[in-house]
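Colleague: Okay, here's the structure, questions in a sec.
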Amino acid sequence: MSIQLYDLAGADPRYLFSPFSWRVRMALLHKGLDFEVVPWRFSAREAIAESGSKAVPVIKDGDAWVSDSWAIACYLDTHYADRPPLFPAPCGEAHARLVSALCGKLVFPAAVPIALYQAYVLLDPASQPYFRESREAMFNARLEDIHADAKTGPARLAEALKPFDEVLAVCDYLGGSQATYADFLLFGILKWTDIVSSYPVIDRDTPSGRWFSRLETDYGGHAGRVPRVRD
Ligand SMILES: N[C@@H](CCC(=O)N[C@@H](CS)C(=O)NCC(=O)O)C(=O)O
């Protein structure tokens, strides 16, 4: 039986955009595991109640429920050790933790002004009040006031990606010659912005942009085929 990946969906279930779920989706693709995406909404949390988590991503693998994107990646590497690694020894985990910290400090703050309001607009009406209230409390600002336009949003994101550009100018992946979980940490954030945004967010003619396009064509082009709002 294939693994089920519970993923945040918009009112239109074709839009699946959680940055954390994208990390897991890429990890499943990298491992070559069969999986099925189950659309999930804030307004229908009970679908993942058995996992003990209130947040997605969550996977169900046979009888096992696993939540939290990092914990899921660790689970996949442990349980499917014969498949391509997400954290190749000896320093895969330390490397991924460094990339995670850089993403948290640099990229996520630049992605939020692009994605937060535009993600809110895509949600089902029953989820929107919760999302607005929780995110406005988290960022201490109205969603509309956080929102960046087509000029300032991508410019700030490009600035945040500069350290990654330096690496990706000389390596195909953050993992070197192969993608690792470090790649999917960054990719998840960018894919989130790219799916929900009404304007282009990533300059494809930069090292990070070329790397993003590469990951979209890898794994049979899975990530490149998913619908974006502006398609
Ligand atoms: N640390 C968690 C974060 C997951 C997370 O925040 N997911 C969001 C969707 S993008 C969620 O489901 N939040 C639940 C809520 O806000 O109530 C992970 O990496 O899996």
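Under the working numbering, think of the first position of the sequence shown as 53, with each following residue one higher. For every residue, glycine included, the Cβ atom is placed at its ideal position computed from N, Cα and C.
1. Any contact of the region 129 to 146 with the region 217 to 226, i.e. 3+ C-beta pairs under 8 Å?
2. Going by the DSSP bridge assignment, what does Ser-19 pair with across the sheet?
3. My guess is that Tyr-233 and Leu-138 are in contact by the Cβ rule of under 8 Å, so how many angstroms apart are they, rounded?
4. CB of Val-89 to nearest heavy atom of ligand 1: below 6 Å?
5. Expressed to the nearest angstrom, what Euclidean distance is found between the alpha-carbon atoms of Val-108 and Lys-203?
6. Could you work out which residue in Ala-212, Thr-245 and Ser-179 is closest to Leu-154 when comparing CA atoms only?
7. May I ask which residues mark the beginning and end of the alpha helix (DSSP H) holding Leu-60?
8. Going by beta carbon distance, what residues of the same chain come within less than 8 Å of Pro-165, once the five residues before and after it are set aside?
9. Which whole-angstrom value describes the C-beta separation of Val-151 and Ile-111, a residue pair presumed to lie in contact below a C-beta threshold of 8 Å?
10. Would you mind sorting Lys-243 into buried or exposed? The rule is 16 or more other CB atoms within 10 Å of its CB.
11. Taking the alpha helix (DSSP H) that Glu-22 falls in, what are its first and last residues?
12. Please state if the CB of Val-248 and the CB of Ala-167 are separated by a distance shorter than 7 Å.
13. Quick check on Pro-91: does DSSP put it in helix, strand or coil?
14. Name the one or two DSSP bridge partners that Leu-68 has.
15. Can you find the residues in the same chain that come closer than 8 Å, C-beta to C-beta, to Asp-255, ignoring five residues on each side of it along the sequence?
16. Taking Cβ positions, are Tyr-182 and Phe-94 nearer each other than 7 Å?
17. What's the C-alpha gap between Ser-103 and Glu-268?
Modeller: Let me spell this out:
1. no
2. Because the chain in this structure spans residues 53 to 283, residue 19 falls outside the shown range and cannot be described.
3. 4 Å
4. no
5. 31 Å
6. Ala-212
7. Run containing Leu-60: none in the alpha helix (DSSP H); it sits in the beta strand (DSSP E), 55 to 60.
8. Ile-198, His-199, Ala-200, Thr-204, Gly-205 and Arg-208
9. Not a contact, Cβ separation roughly 22 Å.
10. buried
11. For the chain, the structure presents residues 53 to 283; residue 22 sits outside this window and is missing.
12. yes
13. strand
14. Ala-61
15. Pro-206, Ala-210 and Gly-261
16. yes
17. 30 Å
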